[in-house]
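The next block holds one structure in the form of structure tokens; read it before the comments.
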Amino acid sequence: MSTAVTPQPETPRPDTTADTLVTVEGIKVHFPIKRGVILDRTVGHVYAVDGVDLSVRRGETYGLVGESGCGKSTLGRAVLRLTEPTAGRVVFDGTDLSSLKGEELRRMRRRMQMVFQDPMSSLDPRQSVESILVEGLRAHDLDKGREATGKRLRTLLSAVGLPTTSLRKYPHEFSGGQRQRIGIARALAVEPDLIIADEPVSALDVSVQAQVVNLLEELQDEFGLTYLVIAHDLAVVRHISDRVGVMYLGGLVEEATSDDLYAEPLHPYTRALLSAIPVPDPLVEDRRERILLTGDLPSPANPPKGCRFHTRCPWKQATRCDTERPELREVLPGHKVACHWAEDIRAGRIRPHEVEAVLVEEEGISPDVPLVGPASVTEALNP
Ligand SMILES: Nc1ncnc2c1ncn2[C@@H]1O[C@H](COP(=O)(O)OP(=O)(O)O)[C@@H](O)[C@H]1O
Ligand code: SF4
Ligand SMILES: [Mg+2]
Numbered sequence: 002m003s004t005a006v007t008p009q010p011e012t013p014r015p016d017t018t019a020d021t022l023v024t025v026e027g028i029k030v031h032f033p034i035k036r037g038v039i040l041d042r043t044v045g046h047v048y049a050v051d052g053v054d055l056s057v058r059r060g061e062t063y064g065l066v067g068e069s070g071c072g073k074s075t076l077g078r079a080v081l082r083l084t085e086p087t088a089g090r091v092v093f094d095g096t097d098l099s100s101l102k103g104e105e106l107r108r109m110r111r112r113m114q115m116v117f118q119d120p121m122s123s124l125d126p127r128q129s130v131e132s133i134l135v136e137g138l139r140a141h142d143l144d145k146g147r148e149a150t151g152k153r154l155r156t157l158l159s160a161v162g163l164p165t166t167s168l169r170k171y172p173h174e175f176s177g178g179q180r181q182r183i184g185i186a187r188a189l190a191v192e193p194d195l196i197i198a199d200e201p202v203s204a205l206d207v208s209v210q211a212q213v214v215n216l217l218e219e220l221q222d223e224f225g226l227t228y229l230v231i232a233h234d235l236a237v238v239r240h241i242s243d244r245v246g247v248m249y250l251g252g253l254v255e256e257a258t259s260d261d262l263y264a265e266p267l268h269p270y271t272r273a274l275l276s277a278i279p280v281p282d283p284l285v286e287d288r289r290e291r292i293l294l295t296g297d298l299p300s301p302a303n304p305p306k307g308c309r310f311h312t313r314c315p316w317k318q319a320t321r322c323d324t325e326r327p328e329l330r331e332v333l334p335g336h337k338v339a340c341h342w343a344e345d346i347r348a349g350r351i352r353p354h355e356v357e358a359v360l361v362e363e364e365g366i367s368p369d370v371p372l373v374g375p376a377s378v379t380e381a382l383n384p
């Protein structure tokens, strides 16, 4: 009798390889909407994140973009389990985070730090910079005594480009950009592997944004960091990201390398977003097509059936779009799109129409179309 074991069909999880640091699988975060004082009834849910799969490789920067309210921050918090997901799981460096509790979770959290949009509100105004940084170290038993810690703090400040004299100062004594540097130093202090930066430059002057983005890049090289950078501004994400995921109403609609996404966006939503960004070359700028989305962003408490984008999609078809939710699938190597008609749109077999969205072409620029494109996704969609 043969003792050979019948090989089990392998069920590899997508992208779950040794060079993957974080894998997000089927994550959902639904917030209950409560009514009534006494009974506290749940009358519905906000489907803030509604089934997202993605993975971030070691040492890469994954940019997550989408207009305000599409669920980016909630997803970021769910990755760190600062918000408990309704469904799905997060695997960090081979460990399923939902299996961790208490002390184990706390120890794992050291390896995942967050940088927030508004450093003023995320830094305690009553604490000096020294105390802010030492607090982080102590929370993870990394305060190794006066001398070692003092040295560590000076190294951290120099890494983020602040003078040592900053240690005795308070958050209000710094500019916005400097405060964000303190926020970054606080995250770096505990030697994380992953930094989730949620709109890290959105609150800063444009002139300072580039400096902070450059700093993040330098620190990544120096410390081998992995980043998940969240932004509503496509321009910010483009510059810094290796790969980009585009979110719409709680789901990913497109994911590709930054170069591929900007060279050839395949999802109608991404096309609309990118068409709103002006091109520096005036000849190209004159000729290019601008797709303006009309209609309001639907509420995440009552998302449209079928493709969530169908209420605003200029390519919407009579079948499938309003009945069947498209899966995120690989349409070109490494380029995933959640659209039933991605191939036909790409090949030009389906043309955009003007039923639900206005398509403005070269000749007919109407007076209410901004000639200088909006700087952000939010503006692009709410001109
Ligand atoms: N704690 C919460 N309770 C209820 N709804 C929430 C909560 N946090 C976020 N939301 C809602 O979830 C949706 C997604 O929010 P958010 O993740 O902050 O989006 P983004 O970061 O993309 O702007 C929004 O409609 C928001 O109002
Ligand atoms: S599935 Fe239909 S509605 Fe959705 S993006 Fe594609 S063409 Fe538009
Ligand atoms: Mg947010």
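In this note's numbering, the protein residues as written are 2 to 384.
Glycine is no exception: its CB is placed at the ideal position from the N, C-alpha and C atoms.
All figures in this text were calculated on a predicted structure; none of them were measured in a lab.
Check	Outcome
Best match in 210, 333 and 351 for proximity to residue 236 [C-alpha to C-alpha]	210
Which of helix, strand or coil DSSP assigns to residue 191	coil
Residue of 160, 184, 193 and 271 minimising C-alpha distance to residue 199	184
Nearest-angstrom Cβ-Cβ length linking residue 251 and residue 88, presumed shorter than 8 Å	Going by Cβ atoms, the distance from residue 251 to residue 88 rounds to 12 Å, so no, they are not a contact pair.
Bridge partners - residue 1, DSSP secondary structure assignment	Examination of residue 1 is not possible in this model, given that the chain is present from 2 through 384 alone.
Proximity winner among 110, 101, 104 and 96, relative to residue 78 (alpha-carbon distances)	110
Between the CA atoms of residue 330 and residue 270 - distance to the nearest angstrom	16 Å
Contacting residues, own chain, Cβ-Cβ under 8 Å from residue 157 (five flanking each side not counted)	134, 186, 189 and 190
Buried versus exposed, by CB contacts within 10 Å (16 or more), residue 1	Because the chain in this structure spans residues 2 to 384, residue 1 falls outside the shown range and cannot be described.
Residue(s) in a DSSP beta bridge with residue 83	Answer is none; residue 83 lacks a bridge partner.
Under 9 Å between C-beta atoms of residue 26 and residue 92	yes
Contact belief for residue 434 with residue 81 at Cβ below 8 Å, rounded distance in angstroms	Outside the displayed span of the chain (2 to 384) sits residue 434, for which this structure offers no information.
Residue nearest to residue 52 in terms of C-alpha spacing, selected from 172, 327 and 142	327
Sequence-distant residues of the same chain with beta carbon closer than 6 Å to residue 21, five excluded per side	56 and 58
Coil, strand or helix - residue 4 by DSSP	With a pLDDT of only 45 at residue 4, under the threshold of 50, the placement of this residue in the model should not be trusted; the figure read from the coordinates follows. Three-state result, residue 4: coil.
Heavy atom of ligand 2 within 8 Å of residue 330 beta-carbon	no
Every unbroken alpha helix (DSSP H) within the segment 224-312, with a cutoff of 4 residues, ordered by chain	235-241, 259-264, 269-276 and 283-288
Sub-9 Å separation of residue 263 and residue 244 beta-carbons	no
Cβ-heavy atom distance, residue 72 to ligand 1, below 8 Å	yes
Beta-ladder partner(s) of residue 50, from DSSP	30
Environment of residue 384 [buried if 16+ CB atoms lie within 10 Å]	A caution first: residue 384 carries a pLDDT of 33, below 50, which makes its placement in the model too unreliable to give a value.
Proximity winner among 318, 113, 129 and 164, relative to residue 23 (alpha-carbon distances)	113
Delimiting residues of the beta strand (DSSP E) encompassing residue 102	Element bounds for residue 102: n/a, residue is neither H nor E.
Residue 141 in three-state terms, based on DSSP	coil
Alpha carbon of residue 173 to alpha carbon of residue 69, nearest angstrom	28 Å
Spatial distance of residue 1 from residue 273 (CA atoms)	Residue 1 lies beyond the stretch modelled for the chain, which goes from 2 to 384, so this question has no answer here.
Helix, strand or coil at residue 336 according to DSSP, with G and I counted as helix	strand
Residue 385 beta carbon near ligand 1 (any heavy atom closer than 8 Å)	Residue 385 lies beyond the range of the chain shown here (2 to 384); nothing can be said about it.
Cβ-heavy atom distance, residue 200 to ligand 3, below 8 Å	yes
Range covered by the beta strand (DSSP E) that runs through residue 62	62-66
Proximity to residue 1 [Cα-Cα], best of 214, 241, 137 and 344	Residue 1 falls outside the range modelled here, since the chain spans only 2 to 384, and no answer is possible.
Close beta carbons around residue 253, own chain, < 6 Å, minus the five adjacent residues each side	53, 246 and 329
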